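Inspection log for the structure reproduced underneath, given as structure tokens.
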Amino acid sequence: MAEMYIRVAEEENEEPMEIPSEDDGTVLLSTVAAQFPGACGLRYRSPVSQCMRGVRLVEGVLHAPENGWGNLVYVVNYPKGRKMDEIDASSATKIKRGDQKTSDLIVLGLPWKTTEQDLKDYFNTFGEVIMVQVKRDVKTGNSKGFGFVRFAEWEAQGKVMSQRHMIDGRWCDCKLPNSKQGPDEPMRSRKVFVGRCTEDITADELRQFFMQYGEVTDVFIPKPFRAFAFVTFADDQVAASLCGEDLIIKGVSVHISNAEPKHNNTRQMMERAGRFGNGDLKYFIQSIVSELHTPNKEMFTGFFITIKHELMIE
DNA sequence: GTTGAGCGTT
């Protein structure tokens, strides 16, 4: 193949730089990183959907979109959307940036009849609303009388938290939810736990979404549906940088946390594992499965894989 | 079919 270059820029409307491709038409991430230190991937605006799309990255190799690289300008991704020199900047800057990130607010005391549209209409007068939820009983669909809201701007969030709100004839309070009060403990895994997933979020959509932060090596969604997923990155720093975040995927606020299993039953599991001599995994799992009164053999396979992921074992 | 302090299907 003749020597070929793709156009890469730091930002969408900045002057692009031409980066050489390999003989097979792929582009090496290392080639990109040589010009853009700290780069972890590429994205581009799809001429069809007008959305930003991630470029497929497998083991350090960037693969062209379906119709080839073309004349599009590819934008460099940095871990968590930050450039290397910004990562190296003073910690004061980091704290300031961290502090200005918005988080979901819990809205307490909603009238039973209030809908998500009502909430959105009400809160839009304070700033751009990027997520609203009314929590409902799954069976009846009745509101539980509380919900969540997320603003684009930090200023709007502050204003909303500082006052009471008259919504559909009732006084409501907006606070930081308990889940947000304490900061998450740091971790050293390449895998993150994605909580509060909805059933309509597919593994492929998770992969597409998380690609913007770094190379994704695995996505796991338990079957049957359990409202969470695991996403594994090639780089543990990317996983660590996302820990504790609330990210919005398809309008759903998902919570990223440590993928370690909950310590409470881990201890019991370890004690139990000890009874199987030098750890015969097969018999260990069989002993667990034998206690599940599930007649459906197929589900066992799902359980095996789930257990494997939750224990983080090979 | 009810209700009114809380906390988002690990």
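By the UniProt record's numbering, the letter at position 149 of the first sequence is numbered 149, and the numbering carries on one by one without gaps. We treat Cβ as the ideally placed atom computed from N, Cα and C, and that holds for glycine. Remember, it's a predicted structure, so these values are computed and weren't measured experimentally.
Could you say which of C172, H165, F123 and M166 lies nearest to G145 if we only look at CA atoms? Residue 145 sits at position 145 when you count from the first residue of the first sequence. Ranking the options by Cα distance to G145, first place goes to C172.
If we call anything under 8 Å between Cβ atoms a contact, is F220 one with F193? Here residue 220 is taken as the residue at index 220 of the first sequence, counted from 1. Here residue 193 is taken as the residue at index 193 of the first sequence, counted from 1. No, these two residues do not count as a Cβ contact at 8 Å.
With contact counted as at least three CB pairs below 8 Å, one residue from each stretch, are the stretch 58 to 77 and the stretch 139 to 155 in contact? no
Where the alpha helix (DSSP H) through R207 begins and ends: Reading the first sequence from its first residue, position 207 is the one you call residue 207. Element bounds for R207: A203 to F210.
Thinking C-alpha only, which one of E155, D121 and P177 is nearest M166? By one-based count along the first sequence, residue 166 stands at place 166. Of E155, D121 and P177, the residue nearest in Cα terms is D121.
Can you look up N77 in the DSSP assignment and give me helix, strand or coil? Taking the first residue of the first sequence as position 1, residue 77 is located at position 77. N77 falls in the strand class under three-state DSSP.
Would L206 and L105 qualify as a contact pair, given that the criterion is a beta-carbon distance under 8 Å? Numbered from 1 along the first sequence, position 206 holds the residue referred to as residue 206. Numbered from 1 along the first sequence, position 105 holds the residue referred to as residue 105. Not closer than 8 Å, so no.
Have a look at the DSSP bridge pairing and note the partners of D173. Working through the first sequence from its first residue, we reach residue 173 at position 173. Beta-bridge pairing links D173 to L108.
Kindly indicate which three-state DSSP category N67 falls into: helix, strand or coil? Residue 67 sits at position 67 when you count from the first residue of the first sequence. Here N67 sits in coil by DSSP.
Reduced DSSP secondary structure (H/G/I, E/B, other) of E11: Translated into the one-based positions of the first sequence, residue 11 becomes position 11. Residue state, collapsed to three classes: coil.
Counterpart residues of F123 in DSSP-defined beta bridges: As a first step, residue 123 must be located in the first sequence, where it is residue number 123. Note: F123 sits in no beta bridge, so no partner.
Taking 8 Å as the cut-off, decide whether the C-beta atoms of V254 and G195 are in contact. On the first sequence, residue 254 is found 254 positions in, with the first residue counted as 1. On the first sequence, residue 195 is found 195 positions in, with the first residue counted as 1. In contact: V254 and G195 (Cβ atoms closer than 8 Å).
Answer with buried or exposed for residue 322, where buried requires no fewer than 16 other C-beta atoms within 10 angstroms of its C-beta. Residue coverage of the chain in this structure runs from 1 to 314, which leaves residue 322 outside it and unanswerable.
Is the distance from the Cβ of I249 to the Cβ of F209 below 8 Å? For the purposes of this step, residue 249 is identified with residue 249 of the first sequence, where counting begins at 1. For the purposes of this step, residue 209 is identified with residue 209 of the first sequence, where counting begins at 1. Cβ atoms of I249 and F209: closer than 8 Å.
Just the Cα atoms here: how many angstroms apart are Y78 and G158? Locating residue 78 in the first sequence gives position 78, where the first residue counts as 1. Locating residue 158 in the first sequence gives position 158, where the first residue counts as 1. About 29 Å.
Measuring only from the beta carbon, is M161 closer than 7 Å to any heavy atom that is part of the ligand FMN? For the ligand FMN, the structure offers nothing, since it holds no ligand at all.
Tell me, which residues are paired with E155 by DSSP? As a working note, residue 155 is residue 155 in the first sequence. The partner list for E155 (beta bridge, DSSP) is empty, contrary to what the question assumes.
Verify whether the separation of the beta carbon atoms of F151 and T102 is less than 8 Å. Numbered from its first residue, the first sequence carries residue 151 at position 151. Numbered from its first residue, the first sequence carries residue 102 at position 102. Yes, these two residues count as a Cβ contact at 8 Å.
Span of the beta strand (DSSP E) around V32: Within the first sequence, numbered from 1, the residue matching residue 32 stands at position 32. Counting along the chain, V32 falls outside any beta strand (DSSP E), though it belongs to the alpha helix (DSSP H) covering L29 to Q35.
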